[in-house]
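Trainee:
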Amino acid sequence: MEYLFELYRRLWNRTSLDFQRSLISEIKWENRLIGITGARGVGKTTMILQYLKSQFAVSDNAALYASLDHIWFSSHTLLELADQFSKSGGKVLVLDEVHKYAGWSRELKNIYDFYPELQVIFTGSSLLEILNSGADLSRRALMYSLKGMSFREYVNFETGNTLPEFSLNEVLNQHEEIAIELVNKFRPYQFFGNYLKHGYYPFSREFGDLYDQQLRAIVNLILEVELPQLRKFDIGYVPKIKQLLSIIADSVPFIPNVTKISQKIGINRTTLLTYFHYLDESKLTSNLYQSNEGISLLQKPEKLYLENTNLAFALGRNVDIGNLRETFFLNQVSSKHSVTLPEKGDFLIDRKWNIEVGGIGKDLPKKEQGFHFVAADGIETGLGSKIPLWLFGFLY
Numbered sequence: 001m002e003y004l005f006e007l008y009r010r011l012w013n014r015t016s017l018d019f020q021r022s023l024i025s026e027i028k029w030e031n032r033l034i035g036i037t038g039a040r041g042v043g044k045t046t047m048i049l050q051y052l053k054s055q056f057a058v059s060d061n062a063a064l065y066a067s068l069d070h071i072w073f074s075s076h077t078l079l080e081l082a083d084q085f086s087k088s089g090g091k092v093l094v095l096d097e098v099h100k101y102a103g104w105s106r107e108l109k110n111i112y113d114f115y116p117e118l119q120v121i122f123t124g125s126s127l128l129e130i131l132n133s134g135a136d137l138s139r140r141a142l143m144y145s146l147k148g149m150s151f152r153e154y155v156n157f158e159t160g161n162t163l164p165e166f167s168l169n170e171v172l173n174q175h176e177e178i179a180i181e182l183v184n185k186f187r188p189y190q191f192f193g194n195y196l197k198h199g200y201y202p203f204s205r206e207f208g209d210l211y212d213q214q215l216r217a218i219v220n221l222i223l224e225v226e227l228p229q230l231r232k233f234d235i236g237y238v239p240k241i242k243q244l245l246s247i248i249a250d251s252v253p254f255i256p257n258v259t260k261i262s263q264k265i266g267i268n269r270t271t272l273l274t275y276f277h278y279l280d281e282s283k284l285t286s287n288l289y290q291s292n293e294g295i296s297l298l299q300k301p302e303k304l305y306l307e308n309t310n311l312a313f314a315l316g317r318n319v320d321i322g323n324l325r326e327t328f329f330l331n332q333v334s335s336k337h338s339v340t341l342p343e344k345g346d347f348l349i350d351r352k353w354n355i356e357v358g359g360i361g362k363d364l365p366k367k368e369q370g371f372h373f374v375a376a377d378g379i380e381t382g383l384g385s386k387i388p389l390w391l392f393g394f395l396y
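The opening position of the sequence shown corresponds to residue 1 in full-length UniProt numbering, with each subsequent residue numbered one higher.
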């Protein structure tokens with residue numbers, strides 16, 4: 001266990017507190033069992049290390065971080081670690097990448113039941129299943145999901161500002177004054193284009209020109225390792241699925257013809273629809289349905305988007321601007337709201353607000369009033385029912 005403490009202290013020393021994700025202040029850290037899920041690369045590890053650094057000194061043995069994909073766990077168990085840690089006076093045990101450890105859920109349950117003096121914080125893939133994990137953790141664990149950086153967080157990251165988030169109701173009904181206030185503090189289009197290309201994942205500065213290459217490596221790991229491991233995804237279809245992701249990036253947007261795709265890939269319809277669902281779960285795509293109620297594995301999505309615009313630039317060849325705008329809007333709004341496909345328009349939020357997404361010249365037909373709005377790219381401030389697209393990046 002001393003070896004794990006040594007590794008943790010190295011990470012503690014390298015962790016900066018300069019920029020922190022908004023979720024860190026929303027988590028109820030006092031809970032005995034906390035789970036944080038999210039796609040690869042969104043910053044789960046950094047966030048929990050920041051929490052530990054803000055609460056414990058580097059020499060304080062009351063806290064310990066361990067990544068479960070480390071070779072140490074090839075000859076030791078989670079229960080063994082928890083037992084030794086508890087006996088040495090440990091209080092907070094952080095377990096990273098729990099999905100890499102076979103039988104993680106049952107051992108976590110045992111730790112929770114038999115070591116009440118320990119608080120456990122764990123992270124895992126967005127594919128992590130609590131309800132179907134083989135142990136009843138759903139009523140014990142307080143779960144959170146971490147997305148990539150919002151446009152607001154990216155601007156704060158780049159400028160050192162602490163620009164606030166706004167509710168959807170505020171954005172829809174007070175956007176004129178909010179936008180004017182924000183534009184006095186920063187120029188949105190100085191940052192918006194860069195955000196679409198490389199602002200979603202916090203590691204963009206670290207990789208620089210190799211950022212797109214790193215994103216493609218993450219996609220490969222999800223398709224070739226995580227999905228086969230956690231969803232029995234047939235690795236033989238990976239090249240075709242990569243092709244599909246590239247097509248989605250370049251489409252206007254992508255409306256799936258399941259019959260044609262299944263014939264082209266050489267996969268039956270049922271399996272293809274299941275894979276659509278898995279891609280959405282893994283945060284590679286966002287699947288848009290006419291209703292979010294009772295979505296089954298075999299329900300066909302009406303439209304397919306990549307989960308975020310950075311993936312579009314990494315995987316596409318001729319990325320469509322209309323697709324980018326809609327991908328950005330869906331990604332930012334779906335963080336806290338239900339988004340479905342309306343009978344008319346682009347997006348229906350919480351079954352109430354109908355939103356059209358477009359460029360600077362986009363306007364609503366005069367008959368479409370009330371709960372209908374336009375999210376327009378290319379404008380700093382809006383008027384009436386026409387709202388700047390970038391402002392929807394301030395919802396989280």
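All residues carry an ideal CB built from backbone N, CA and C; glycine is no exception. Remember, predicted model here, so these are calculated numbers, not experimental data.
(1) Could you tell me which residues DSSP pairs with Lys303 in its beta bridges?
(2) Quick one: grab the DSSP three-state call for Val98.
(3) Compute the distance between the beta-carbons of Trp104 and Leu146, then report whether it is under 8 Å.
(4) Note the first and the last residue of the continuous alpha helix (DSSP H) segment covering Ala179.
(5) When you compare the CB positions of Tyr237 and Ile267, do they come within less than 8 Å of one another, or not?
(6) Are the Cβ atoms of Asn323 and Pro239 separated by less than 8 Å?
(7) Enumerate, from N- to C-terminal direction, the unbroken alpha helix (DSSP H) stretches of 4 or more residues contained entirely within the UniProt domain "AAA" (31 to 154).
(8) Have a look at Asp212, Asp280 and Asp209 and flag the residue whose alpha-carbon is nearest the alpha-carbon of Ile241.
(9) By alpha-carbon positions, which one of Glu6, Tyr115 and Leu23 ends up nearest to Glu165?
(10) Would you check if there are 3 or more beta carbon pairs closer than 8 Å linking the segment 100 to 116 to the segment 189 to 202?
(11) Contact check, Ser251 vs Asp363 under 8 Å by CB: the rounded distance?
(12) Should Tyr211 go down as buried or exposed, given a rule of 16 or more other Cβ atoms within 10 Å for buried?
(13) Rank Ile248, Leu244, His277 and Tyr278 by C-alpha distance to the C-alpha of Gln263 and give the top, closest one.
(14) According to DSSP, what are the bridge partners of Lys386?
(15) Is Trp353 helix, strand or coil when you go by DSSP?
(16) Let me check one thing: in DSSP terms, what residues is Val252 bridge-paired to?
(17) Under DSSP, the alpha helix (DSSP H) around Ile360 begins and ends at which residues?
(18) Tell me whether Thr340 sits in a helix, a strand or coil according to DSSP, three-state version.
(19) Nearest to Phe394 by alpha carbon, out of Thr162, Arg205 and Ala314?
(20) Please name the residue, chosen from Lys232, Gln290 and Leu221, that lies closest to Ile255 on a Cα-to-Cα basis.
(21) Within this structure, are the beta carbons of Glu302 and Leu288 separated by less than 8 Å?
(22) Expressed to the nearest angstrom, what Euclidean distance is found between the alpha-carbon atoms of Asp136 and Asp113?
(23) With three or more C-beta pairs closer than 8 Å as the rule, is the segment 271 to 285 touching the segment 120 to 127?
(24) If you count every other CB in all the chains shown that lies within 10 Å of the CB of Asp209, and 16 or more means buried, which is it?
(25) Could you give the DSSP three-state label for Leu348: helix, strand or coil?
(26) Measuring CA to CA, which of Asn318, Thr327 and Met1 is closest to Leu81?
(27) In whole angstroms, give me the CA-to-CA distance for Val339 and Leu298.
(28) Is DSSP giving Lys283 helix, strand or coil here?
(29) Taking Leu33 as the reference, which of Arg269, Asp69, Leu11 and Val92 has the closest Cα?
(30) Going by CA-CA distance only, name the one from Phe73, Val357, Val333 and Ser334 that's closest to Lys344.
(31) Give me the Cα-Cα distance between Leu68 and Ala57, rounded to the nearest whole angstrom.
(32) Using three-state DSSP, classify Asp320 as helix, strand or coil.
(33) Within the same chain, show all residues whose beta-carbon is closer than 6 Å to that of Phe386, passing over the 5 residues directly before and after it, in chain order.
(34) I believe residue 410 touches Arg40 by the beta-carbon criterion, under 8 Å. Please report the beta-carbon distance rounded to the nearest angstrom.
(35) Exposed or buried, Tyr3, counting other C-beta atoms within 10 Å across all chains shown (16 or more means buried)?
(36) Got a sec, what are the start and stop residues for the alpha helix (DSSP H) Trp12 sits in?
Mentor: Judging by the given coordinates:
(1) Beta-bridge pairing links Lys303 to Leu288.
(2) For Val98, the secondary structure class from DSSP, reduced to helix, strand or coil, is helix.
(3) Taking 8 Å as the Cβ cut-off, Trp104 and Leu146 do not qualify as a contacting pair.
(4) Segment Leu168 to Val183, the alpha helix (DSSP H) holding Ala179.
(5) Less than 8 Å divides the Cβ of Tyr237 from the Cβ of Ile267.
(6) No, the Cβ-Cβ distance between Asn323 and Pro239 is not below 8 Å.
(7) Those alpha helix (DSSP H) runs which fall completely within the UniProt domain "AAA" (31 to 154) and span 4+ residues are 44 to 55, 78 to 87 and 104 to 114.
(8) It is Asp280.
(9) The residue among Glu6, Tyr115 and Leu23 with its C-alpha nearest the C-alpha of Glu165 is Leu23.
(10) With a cut-off of 8 Å, the segment 189 to 202 and the segment 100 to 116 do not count as touching, because too few Cβ pairs lie within range.
(11) That pair is no contact at about 25 Å.
(12) Counting Cβ neighbours within 10 Å, Tyr211 comes out buried, since at least 16 surround it.
(13) Cα-wise, what sits closest to Gln263 is Leu244.
(14) Val374 and Leu383.
(15) Assigned with DSSP and collapsed to three states, Trp353 falls in strand.
(16) Per DSSP, Val252 has no beta bridge partner at all.
(17) First-last for Ile360: undefined, no H or E at that position.
(18) If DSSP states are grouped into helix, strand and coil, Thr340 belongs with the strands.
(19) The option with the nearest alpha carbon to Phe394 is Thr162.
(20) Comparing alpha-carbon positions, the option among Lys232, Gln290 and Leu221 lying closest to Ile255 turns out to be Gln290.
(21) Against a cut-off of 8 Å, the Cβ pair of Leu288 and Glu302 comes out as a contact.
(22) Distance between the alpha carbons of Asp136 and Asp113 is about 11 Å.
(23) The segment 120 to 127 vs the segment 271 to 285: in contact.
(24) Exposed.
(25) Correct three-state label for Leu348: strand.
(26) It is Met1 whose Cα lies nearest to the Cα of Leu81.
(27) If I take the Cα positions, the gap works out to 19 Å.
(28) The answer is coil: DSSP assigns Lys283 none of H, G, I, E or B.
(29) Answer by Cα proximity: Val92.
(30) Taking each of Phe73, Val357, Val333 and Ser334 in turn and checking the Cα distance to Lys344, the smallest one comes out for Val357.
(31) Their Cα atoms are separated by approximately 23 Å.
(32) Looking at Asp320 - three-state DSSP - the assignment turns out to be coil, as it is neither helix nor strand.
(33) The sequence as given places Lys at residue 386; Phe does not occur at that position. Val374 and Ala376, listed in sequence order.
(34) As displayed, the chain neither begins before 1 nor continues past 396, which places residue 410 out of reach and without an answer.
(35) Tyr3 is exposed by the Cβ-count criterion.
(36) Per DSSP, Trp12 belongs to the alpha helix (DSSP H) from Glu2 to Arg14.
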